[in-house]
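Notes to accompany the following structure.
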Amino acid sequence: MNRRMANVNGWTIGAVLIITLLFVPNFSIVGGVFTPASENWGHIREFMLLNYIKSSLTLVFFTALFTVAIGLSLAWLIAQYDFPLRNFMKWSLILPLSIPPFIGAYTYHGILNYTGIVQKTLRNHFDVTVNQTYFDIMNVPGAIFIYTIFLYPYVYMITRIFLSNQAASLVESARTLGKGPMEIFLKVIIPISRISVIGGVSLVILEVLNDYGVVKYFGIQTFSTAIFQTWFGLGDLDSSIKLAACLMGIVIFILVIEWVLRGGKKYSFSSTKLRPLPLVKLTGKKAALVSAYTLVIFTIAFLIPVLQLLDWVVLTFGKVPMEEVLTYTKNSIIVAGIAALLIIFFSLVIGNFSRITKHKFAKVLPKLTVLGYSIPGAVIAVAVVTTFIAIDRYLAPVYQFLGLDSELVLSVSLVMLISAYIIRFFAIGYNSIESGYTKIGTDFRDASRMLGVSSLRTFFKIDIPMMKGAIISGFILTFVDILKEIPLTLILRPFNYDTLATKAFQYASDEKIMEASQASLLIVGVSAIAIFIFNKLLGEGRE
Amino acid sequence: MKKSLMLLLASLLLVLAACGNSTKQSSDAGDNENQKKNEKSEVNLYTSRHYDVDNELYKKFEDETGIKVNVIKGEADELIERIKREGTATKADLFLTADVGRLYRAKEQGLLQAVSSDILSKQIPEKFRDSDDMWVGLTKRARILVYNKDKVKPEELSTYEALTDDAWKGRFLVRSSESVYNQSLLASFIEINGEEKAKEWAQGIVNNMARSPEGGDRDQAKAIAAGIGDVAIMNTYYLGQMLNSQEPEEVKVAEQLGIFFPNQETTGTHVNISGAGVVKGSKNADNALKLLEFLTGEEAQFTFAEANYEYPVNEDVEPAELLKSWGEFKEQEIPLTALGENNAKAIMIFNEVGWK
Chain A
0 MNRRMANVNG WTIGAVLIIT LLFVPNFSIV GGVFTPASEN WGHIREFMLL NYIKSSLTLV
60 FFTALFTVAI GLSLAWLIAQ YDFPLRNFMK WSLILPLSIP PFIGAYTYHG ILNYTGIVQK
120 TLRNHFDVTV NQTYFDIMNV PGAIFIYTIF LYPYVYMITR IFLSNQAASL VESARTLGKG
180 PMEIFLKVII PISRISVIGG VSLVILEVLN DYGVVKYFGI QTFSTAIFQT WFGLGDLDSS
240 IKLAACLMGI VIFILVIEWV LRGGKKYSFS STKLRPLPLV KLTGKKAALV SAYTLVIFTI
300 AFLIPVLQLL DWVVLTFGKV PMEEVLTYTK NSIIVAGIAA LLIIFFSLVI GNFSRITKHK
360 FAKVLPKLTV LGYSIPGAVI AVAVVTTFIA IDRYLAPVYQ FLGLDSELVL SVSLVMLISA
420 YIIRFFAIGY NSIESGYTKI GTDFRDASRM LGVSSLRTFF KIDIPMMKGA IISGFILTFV
480 DILKEIPLTL ILRPFNYDTL ATKAFQYASD EKIMEASQAS LLIVGVSAIA IFIFNKLLGE
540 GRE
Chain B
0 MKKSLMLLLA SLLLVLAACG NSTKQSSDAG DNENQKKNEK SEVNLYTSRH YDVDNELYKK
60 FEDETGIKVN VIKGEADELI ERIKREGTAT KADLFLTADV GRLYRAKEQG LLQAVSSDIL
120 SKQIPEKFRD SDDMWVGLTK RARILVYNKD KVKPEELSTY EALTDDAWKG RFLVRSSESV
180 YNQSLLASFI EINGEEKAKE WAQGIVNNMA RSPEGGDRDQ AKAIAAGIGD VAIMNTYYLG
240 QMLNSQEPEE VKVAEQLGIF FPNQETTGTH VNISGAGVVK GSKNADNALK LLEFLTGEEA
300 QFTFAEANYE YPVNEDVEPA ELLKSWGEFK EQEIPLTALG ENNAKAIMIF NEVGWK
């Protein structure tokens with residue numbers, strides 16, 4: 000008992016402190032739920048709400064379904080089989096994650112619309128004019144397509160790492176028992192990868208619920224467009240916060256389901272014989288089929304949009320000054336890097352607290368930090384601005400003492416932007432770290448503690464090295480996501496501060512998608528390099 | 000145990016301190032620079048316009064006056080919210096936006112201060128200035144009709160109102176009601192024809208739509224070329240951009256279109272402005288005024304028109320050749336503030352009639 004109490008202290012204080020810091024700005028939103036409804040609320044409920052719920056749920060349901068189908072099947076094929084192109088595909092299939100869905104939407108619309116490459120070629124070279132309805136992607140099925148191809152890597156990546164490292168003994172046993180590949184997939188792979196699939200798909204769902212760029216461009220009314228319409232259109236921040244709170248409610252519901260689905264079931268392997276799955280070599284037709292499948296996905300989700308962007312870069316070359324582009328790139332990398340590092344550090348502390356504390360509270364509390372991911376970026380921005388101005392006011396005497404002639408210091412600096420990133424994207428990093436902790440279990444830690452090694456030393460000597468994969472993948476995922484972020488960056492950045500994403504967005508929102516291509520391609524490039532490094536670091540010694 | 004606790008806290012503090020420090024240094028540095036700049040003087044903009052031509056003009060202004068222009072770009076409403084929350088401490092001096100409705104909102108929320116100068120009154124017609132001098136227009140655009148030259152004769156077109164006739168059933172194209180340009184358009188009809196008539200109009204348009212609204216203004220033009228519909232509503236400068244696009248196909252599309260300024264016999268074609276106002280808590284109000292005078296001056300107005308195909312507000316400056324070739328037109332004669340006043344009503348009407 001004594002030891003447990005002592006155990007609780009160190010990590011608890013750290014975790015509770017961080018969670019509180021993460022959560023403070025969100026209070027102004029949670030508080031908004033209890034303000035009395037404005038006159039607009041009746042109007043919103045009567046004419047808008049049902050549509051929003053319907054289209055949001057449709058998008059979420061089908062995107063989830065398709066990302067699981069594609070992500071899980073790819074993860075399984077790559078983890079278990081050897082076929083031509085496998086080594087290339089293994090990491091290339093993550094690359095679509097480097098394309099922000101709104102850029103992807105603009106790109107695909109650019110390719111498919113009347114003046115796009117497809118119709119242009121058909122018209123000018125073959126004299127074929129096609130039925131526009133077949134090429135129209137600006138609708139709900141089109142949005143599902145965009146989300147699916149650019150978000151499936153969440154499921155693929157998390158599941159593949161899990162299967163490669165964890166599934167060996169189970170799959171081998173099944174094989175020994177004479178089970179065929181299909182049966183193994185259905186009876187072994189699907190059940191054991193449930194946790195990682197759910198982890199991946201919940202990120203997909205949150206991303207879809209929160210997206211604004213794609214649905215706005217396609218003219219689809221969802222929760223996030225409703226929040227903006229109410230706030231900006233009706234000038235009614237209170238009602239829009241109410242909507243945001245509804246959205247939060249849905250997200251909490253999803254998280255609870257996720258928790259229930261994987262609650263209690265921990266597939267942690269405390270054997271030291273964590274072997275990678277030996278690959279089965281495919282030949283002939285089967286090999287061709289599998290290669291073709293991965294190639295098709297890769298082409299649609301990465302190659303085609305990138306080629307289109309390249310084409311536009313060439314068309315508009317020289318229109319965007321080069322020296323500025325370098326600055327944006329540097330800015331993007333620095334802020335995303337700092338924020339991602341802090342997120343991983345905080346996640347490690349909270350994750351460890353949640354793992355080693357036996358109390359229920361320790362399992363539920365960290366879930367709260369995920370809420371940031373459920374609140375639309377612009378609403379977080381308002382909450383963060385409010386909080387930082389309050390802090391600045393509070394620190395005014397300090398500033399005066401330091402001889403600064405300004406009342407606003409923190410709220411016009413990068414501190415505010417980075418804090419907002421941390422609040423917004425904590426879920427991404429934490430998800431990765433948490434599943435890492437789940438994977439390593441507590442046996443090694445317990446052994447170390449039993450031998451009298453301190454909790455902190457154990458953390459650095461035992462846990463961290465075993466968590467290398469989770470830490471790196473968490474960092475890269477967060478880094479790439481922050482690189483793509485728009486609304487927070489737009490509103491919270493300091494004077495004269497642009498990133499690749501804000502630059503791309505500004506051109507795109509002026510319907511100058513061709514000029515936006517340079518910044519877009521750089522986002523893709525930087526993310527691709529990050530993913531490549533991640534693969535190098537993680538791949539070595541594993542397969 | 001205590002040792003590990005201390006270590007953990009220490010490391011946490013270290014990280015916080017490190018992060019706090021580095022950024023403090025940078026903001027310190029920023030402030031020192033600011034102090035230096037204050038001697039040289041500066042002006043801080045919050046703007047929702049993000050055209051490259053704006054940056055060029057700021058640079059020119061810096062070169063001419065030695066006043067440094069600092070910019071935060073964002074969406075208009077988010078910037079308004081930010082200025083509001085920064086309150087008296089705000090660093091913003093000038094608020095710039097691409098729609099008069101947002102200037103109205105900033106004024107309504109008490110974020111702007113009145114400025115007037117002889118230069119401004121000379122350069123900008125009264126019509127494009129706020130009645131209380133809280134904002135001034137910088138450029139204007141008209142929301143016009145474009146049509147398929149092969150299928151529609153210009154004689155068939157007359158007014159925005161006539162587009163609700165059955166003759167246009169399944170032939171009309173327009174972007175979604177989320178576009179502030181459509182909101183301002185409907186707001187102008189509320190002002191001119193009253194709320195009931197405006198609602199009937201919106202309902203009539205929804206009935207005649209060739210497809211459910213999607214894409215931006217350029218997409219409506221392309222839909223005409225593709226044969227989805229015959230007539231669309233579009234802003235003038237998008238057409239200018241398409242006609243000057245690097246993509247030959249876009250030029251082709253634009254060349255297939257006829258241009259029509261509606262309501263010439265009646266209430267005039269709808270116009271909207273980009274504009275700016277000096278922020279209430281501004282610490283560099285004089286510089287902000289100087290920038291306003293510069294941006295409405297002949298040189299800047301000419302640049303806006305040439306580079307972005309916007310109409311100048313300064314009457315001494317001629318529109319770009321392309322816009323001139325479209326001819327002169329009669330503008331709506333309502334006070335521009337009406338677009339702001341009626342914005343929320345317009346949105347509600349859009350929702351009620353199901354204009355997506």
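Taken in sequence, the protein lines are chains A and B. Residue numbering for the first sequence is 0 to 542, as defined by numbering that gives the first Met the number 0. Residue numbering for the second sequence is 0 to 355, as defined by numbering that gives the first Met the number 0. Think of the CB as a built atom: it goes at the ideal place given N, C-alpha and C, for glycine as much as any other residue.
Annotation for Val205(B): Val352, Gly353, Trp354 place their beta carbon closer than 8 Å to its own, counting only its chain and skipping 5 residues before and after. Under the criterion of beta carbons closer than 8 Å, Ile219(A) and Ser54(A) qualify as touching, at roughly 6 Å. Three or more beta-carbon pairs drawn from the stretch 123–133 of chain B and the stretch 323–338 of chain B are found closer than 8 Å, and the two stretches are therefore classed as touching.
The beta carbon of Trp40(A) does not come within 8 Å of any beta carbon belonging to chain B, so the residue lies off that interface. Between Ala345(B) and Leu185(B) a beta carbon distance of about 4 Å is seen, short of the 8 Å cut, so the two are scored as contacting.
Under DSSP, Gly276(B) forms a beta bridge with Phe94(B). Residues of the stretch 373–396 of chain A with a Cβ closer than 8 Å to any Cβ of chain B, in chain order: Ala377, Ala380, Val381, Val384, Thr385, Ile388, Asp391, Arg392.
Among the residues facing chain A, Lys152(B) is not included, as its CB has no counterpart in that chain under 8 Å away. For Ala319(B), there is no enclosing beta strand (DSSP E), as DSSP marks it with neither H nor E. Going by beta carbons, Leu205(A) and Leu246(A) fall outside the 8 Å limit. Closest in C-alpha terms to Glu433(A), from the list Ala507(A), Ile342(A), Tyr146(A), comes Ile342(A). Taking Trp40(A) as the centre and dropping the five residues before and after it, the same chain places the C-beta of Ser238, Lys241 closer than 8 Å to its C-beta, in chain order. Cβ-Cβ separation between Leu71(A) and Val154(A): approximately 6 Å, consistent with a contact (criterion under 8 Å). Put simply, the backbone Cα of Leu162(A) is about 23 Å away from that of Thr62(A). Taking the CA atoms as reference points, Ile136(A) sits about 26 Å from Gly239(B). Cβ-Cβ distances below 6 Å link Gly169(B) to Ala209 in the same chain, with the five nearest sequence neighbours on each side left out; the list follows chain order.
Counting only unbroken stretches of 4 or more residues, the alpha helix (DSSP H) elements lying wholly within the stretch 96–132 of chain A are 100–111, 116–125, in sequence order. Taken atom to atom, the span from the alpha-carbon of Leu121(A) to that of Thr128(A) is near 7 Å. Note on Asn342(B): 16 or more other CB atoms within 10 angstroms of its CB, so buried under the neighbour-count rule.
Asp165(B) and Leu172(B) have their alpha carbons spaced roughly 14 Å apart. Per DSSP, Lys72(B) is not a residue of any alpha helix (DSSP H); the beta strand (DSSP E) it occupies stretches across 67–72. When only Cα atoms are considered, Lys121(B) and Ala222(B) end up about 42 Å apart. For Asp509(A), the nearest beta carbon of chain B is closer than 8 Å to its own beta carbon. Beta-bridge analysis with DSSP links Phe171(B) to Met208(B), Val230(B). Leu94(A) and Ile522(A) have their C-alpha atoms some 11 Å from each other.
Boundaries of the beta strand (DSSP E) around Ile258(B): 256–259. For Leu137(B), the enclosing beta strand (DSSP E) begins and ends at 135–147. The distance from the Cβ of Val408(A) to that of Tyr393(A) is about 11 Å, inconsistent with a contact at the 8 Å cut-off. Around the CB of His269(B), 16 or more other CB atoms lie within 10 Å, so the residue is classed as buried.
The stretch 136–148 of chain A makes contact with the stretch 95–112 of chain A, as at least three CB pairs between them are under 8 Å. When the beta-carbon positions are compared, Val252(B) and Thr138(B) stay at least 8 Å from each other. Glu406(A) reaches chain B at Ala88, counting residues in chain order whose Cβ is nearer than 7 Å. The beta carbons of Leu416(A) and Val334(A) sit about 6 Å from each other, so the pair counts as a contact at 8 Å.
Counting along the chain, the unbroken alpha helix (DSSP H) around Glu107(B) starts and ends at 99–107. The beta-carbon separation of Leu489(A) and Gly100(B), rounded to 19 Å, does not stay under the 8 Å limit for a contact. Selection Leu288(A), Val378(A), Trp311(A), Ala291(A) evaluated against Asp235(A) yields Val378(A) as nearest (Cα-Cα).
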